[in-house]
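**Student:**
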Amino acid sequence: MILIFALVLTSCGTPKHLTNSVASSEITALSYFEPIAYIQYIEKGNKTTLSDSISAITKAKLDSLFTKNASNLRLTDKIVIKDAALSTRVENELGYLVQLIGQQRNLKGIPLTPAIDSILKINNQRFSLSTVATGFGRRKGNYGGQVAKGVAVGILTLGMAVPSPIKSNLTLHAFIFDSEKNEIVFYNKLLPNKVKEPTDSKFIETQLTSLFEGYFYDKK
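Structure follows, in structure tokens:
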């Protein structure tokens, strides 16, 4: 079953990352799931369409940044899910977790979901990072006077309803899972106030770094 979410994101985003019972100093080795990207494209008016090509570009750039920043983020093995059905389940579960965290506003009492938990156990991993990028871009010339509204499209769209005219946008979500304690130990999301293309490499790296400031390293 396709699971569709419309999670309203305000202009300020999440003010602070959420943590649980595990201190960041305990995480010395962090496996990571292949990143997920759902980027929509506005061709005409405010009609959005999920763009596989733009999503693939954003995903590839995120993946390369993980390699580049592996030491700072304590990253080790990459988990690649080759089974399409299992991948769908994981994406659905991430959408469910984002919705639940948004309602609860903390991580207490939220266990790992079945597919994510089983993957960590099969891969013999205690800590693992999962990231999701969502956003939209516009065709050149399609901006004046438009009010962009992200639409929940596809299996996982951590959507948005933008209350003012915005040319493009990128939101990053990050989870750190702990299979030993069966909990989410870290969650953060960043909604940029500045208008940037969802494929802007420098901006993606800045946002990725900002996700973990105050957790893995001090704020610059």
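Mapping of the sequence shown onto numbering that gives the first Met the number 0: position 106 corresponds to residue 105, and the numbering continues sequentially without gaps. The beta carbon of each residue, even a glycine, is placed where N, CA and C say it ideally should be. Owing to the predicted nature of the structure, the values given are computational and were not obtained by experimental measurement.
Name the one or two DSSP bridge partners that PHE126 has.
**Tutor:** In DSSP, PHE126 forms a bridge with ASP177.
**Student:** What does the alpha-carbon distance come out to for the pair LYS148 and THR47?
**Tutor:** Only weak support exists for where LYS148 lies, its pLDDT of 34 falling under 50; the coordinates are left without a value.
**Student:** Could you give the residue range of the beta strand (DSSP E) that holds PHE185?
**Tutor:** Note, PHE185: beta strand (DSSP E), 182–189.
**Student:** Jot down the residue ranges of each uninterrupted alpha helix (DSSP H) in the segment 18–89, minimum 4 residues, whole runs only, in chain order.
**Tutor:** Those alpha helix (DSSP H) runs which fall completely within the segment 18–89 and span 4+ residues are 51–67, 69–72.
**Student:** For PHE215, which three-state DSSP category applies?
**Tutor:** In this structure, PHE215 counts as coil in the three-state DSSP scheme.
**Student:** Give the C-beta separation of LEU99 and ILE109 to the nearest angstrom, bearing in mind that I take them to be a contact with Cβ-Cβ under 8 Å.
**Tutor:** About 6 Å; that satisfies the 8 Å criterion.
**Student:** Please report whether the beta-carbon of PHE211 lies at a distance below 8 Å from any beta-carbon of chain B.
**Tutor:** No chain B is part of this structure, which consists of one protein chain only.
**Student:** With distances taken between CB atoms, is the gap from GLY136 to ILE203 smaller than 8 Å?
**Tutor:** It is not a contact, given that the beta carbons lie outside the stated cut-off.
**Student:** Taking buried to mean at least 16 other C-beta atoms within 10 Å of its own C-beta, is ARG104 buried or exposed?
**Tutor:** ARG104 comes out exposed.
**Student:** If you draw a straight line from the alpha carbon of LEU72 to that of THR130, how long is it in whole angstroms?
**Tutor:** Using only the alpha carbons, I get a separation of about 13 Å.
**Student:** What residue from ASN19, PHE215, GLU25, PRO34 has the CA that sits closest to SER86's CA?
**Tutor:** When only C-alpha atoms are compared, the closest one is PRO34.
**Student:** Quickly, what does DSSP pair GLU168 with across the bridge? List them, please.
**Tutor:** Correcting the residue identity first, residue 168 is Asn in this sequence and not Glu. Partner(s): PHE135.
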